[in-house]
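Since the structure comes first, as structure tokens, the remarks are kept for the end.
Number of protein chains: 2
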Amino acid sequence: MADDESASVFKALADPTRRQILQDLREGELSAGEIASRFPIKGPSVSRHLTILKAAGLVDERRDANRIIYSLVEDRLALCVGEFLSTVCPEQVVLRRRRATRTSKASS
Amino acid sequence: MADDESASVFKALADPTRRQILQDLREGELSAGEIASRFPIKGPSVSRHLTILKAAGLVDERRDANRIIYSLVEDRLALCVGEFLSTVCPEQVVLRRRRATRTSKASS
DNA sequence: TCGCTATGTAGCTATCTGGCTAAATAGCGA
DNA sequence: TCGCTATTTAGCCAGATAGCTACATAGCGA
Numbered sequence: 031m032a033d034d035e036s037a038s039v040f041k042a043l044a045d046p047t048r049r050q051i052l053q054d055l056r057e058g059e060l061s062a063g064e065i066a067s068r069f070p071i072k073g074p075s076v077s078r079h080l081t082i083l084k085a086a087g088l089v090d091e092r093r094d095a096n097r098i099i100y101s102l103v104e105d106r107l108a109l110c111v112g113e114f115l116s117t118v119c120p121e122q123v124v125l126r127r128r129r130a131t132r133t134s135k136a137s138s
Numbered sequence: 031m032a033d034d035e036s037a038s039v040f041k042a043l044a045d046p047t048r049r050q051i052l053q054d055l056r057e058g059e060l061s062a063g064e065i066a067s068r069f070p071i072k073g074p075s076v077s078r079h080l081t082i083l084k085a086a087g088l089v090d091e092r093r094d095a096n097r098i099i100y101s102l103v104e105d106r107l108a109l110c111v112g113e114f115l116s117t118v119c120p121e122q123v124v125l126r127r128r129r130a131t132r133t134s135k136a137s138s
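Line by line, the protein sequences give chains A and B. Quick note: the first sequence uses our numbering, first residue 31, plus one each step. Quick note: the second sequence uses our numbering, first residue 31, plus one each step.
Have a look at this one:
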């Protein structure tokens with residue numbers, strides 16, 4: 031994980047709305063509108079938060095009819111932040127590597 | 031860990047200089063000047079980064095003669111960020127609770 | 001006390017951030 | 001095609017951020 035790679039992830043995590051979006055997506059994928067309805071801010075603001083999360087590689091989007099569905103990118107957060115935690119407090123945080131999937135070797 | 035408690039931690043982690051300071055302190059405590067000498071920015075800028083880290087509870091300071099020595103607050107980062115990771119990607123990040131010390135019950 | 005080193009504080013500035021409204025784009029169904 | 005819904009894009013603005021220089025403060029030793 032390059033340093034300037036994880037930088038975008040830490041920037042993304044700096045905002046409480048974006049952290050909450052990630053937690054909400056933990057339960058399953060959600061459309062932009064469903065996400066927006068959970069916050070007191072307007073749609074365009076949520077849209078930008080989603081853009082930032084996507085740019086950080088933390089979420090994926092996919093179109094379903096005229097809606098756009100967002101979902102967690104499973105490994106991204108753990109690899110990026112977990113790697114940092116492992117260097118600062120390795121005794122307290124254990125990274126458990128996800129079982130390799132058929133495509134995991136090809137990725138990256 | 032209250033949400034607005036961890037907010038200051040995530041804000042603190044948003045800056046690459048501050049993340050590097052935390053990693054440097056992993057090797058052991060350092061004076062403000064020693065920390066500053068590791069970065070291309072001026073002393074006052076480093077001083078403010080240290081203030082932010084201290085406000086987030088991530089580092090402690092202590093005076094030694096006319097120097098100020100900074101050190102990691104051991105549990106803070108793991109508890110705060112690890113707790114968040116545990117809710118978003120619990121399969122991949124395992125929080126290992128630090129053994130209680132004689133004073134850990136009294137603290138908090 | 002004086003002078004030196006180490007560090008923090010005050011105050012300035014450019015840039016970034018995150019909110020908003022208005023308008024554009026994408027897809028669907030009549 | 002038209003109208004409707006869902007979402008993003010463009011552009012504006014107030015407040016936060018992070019750098020800088022100049023100055024103040026703290027502690028030590030002559």
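Ideal Cβ placement from N, Cα and C applies to all residues, glycine included. Keep in mind that this is a model prediction, so the values were computed, not measured.
Our contact map puts residue i next to residue j with C-beta atoms below 8 Å; I'd like the distance itself, whole angstroms only.
i: A/V76; j: A/A62; result: 7 Å
i: A/A37; j: B/P70; result: Not a contact, Cβ separation roughly 17 Å.
i: B/L102; j: B/V89; result: 6 Å
i: B/D122; j: A/G112; result: In the sequence as presented, Asp is not what sits at residue 122 of chain B; that position holds Gln. Indeed they touch by this definition, with Cβ atoms about 7 Å apart.
i: A/L43; j: A/R49; result: 6 Å
i: A/I98; j: A/E91; result: 5 Å
i: B/V124; j: A/R128; result: Not quite, the Cβ-Cβ distance comes to about 13 Å (not below 8 Å), so this is no contact.
In chain A, what lies closer than 7 Å to residue i by C-beta?
i: B/C110; result: Neighbours of B/C110 on chain A: none; closest Cβ ~10 Å, over 7 Å.
Under 8 Å between beta-carbons, which chain B residues line up against residue i? List them in chain order, please.
i: A/A37; result: P46
i: A/R49; result: F40 and F114
i: A/V103; result: Per Cβ cutoff of 8 Å: no residues; A/V103 is ~10 Å from chain B at best.
i: A/L52; result: V118
Shortest alpha-carbon distance to residue i belongs to which of the options?
i: B/Y100; options: B/A32, B/R49, B/G58 and B/S36; result: B/G58
i: A/L107; options: A/V39, A/L55, A/G73 and A/E91; result: A/V39
i: A/I82; options: A/D34, A/K41, A/R128 and A/E35; result: A/K41
i: B/D94; options: B/L60, B/G73 and B/A66; result: B/L60
i: B/D33; options: B/Q53, B/L109 and B/K72; result: B/L109
I'd like to confirm the pairing. Which residues does DSSP put opposite residue i in its beta bridges?
i: A/S61; result: A/I99
i: B/R92; result: B/I99
i: A/V76; result: Its beta-bridge partners do not exist; DSSP assigns none.
i: A/L125; result: B/V123
Using a Cβ cut-off of 9 Å, pull out every chain B residue sitting near residue i, in sequence order please.
i: A/T81; result: Neighbours of A/T81 on chain B: none; closest Cβ ~17 Å, over 9 Å.
So with CB distances below 7 Å, who are the chain B contacts of residue i?
i: A/K41; result: A44
i: A/R56; result: T117 and V118
In chain A, which residues lie with their C-beta within 9 Å of the C-beta of residue i?
i: B/V124; result: V123, V124, L125 and R126
Taking Cβ-Cβ distances shorter than 8 Å, what residues in chain A pair up with residue i?
i: B/D33; result: P46
i: B/V60; result: The identity of residue 60 of chain B in the sequence shown is Leu, whereas the question assumes Val. Neighbours of B/L60 on chain A: none; closest Cβ ~14 Å, over 8 Å.
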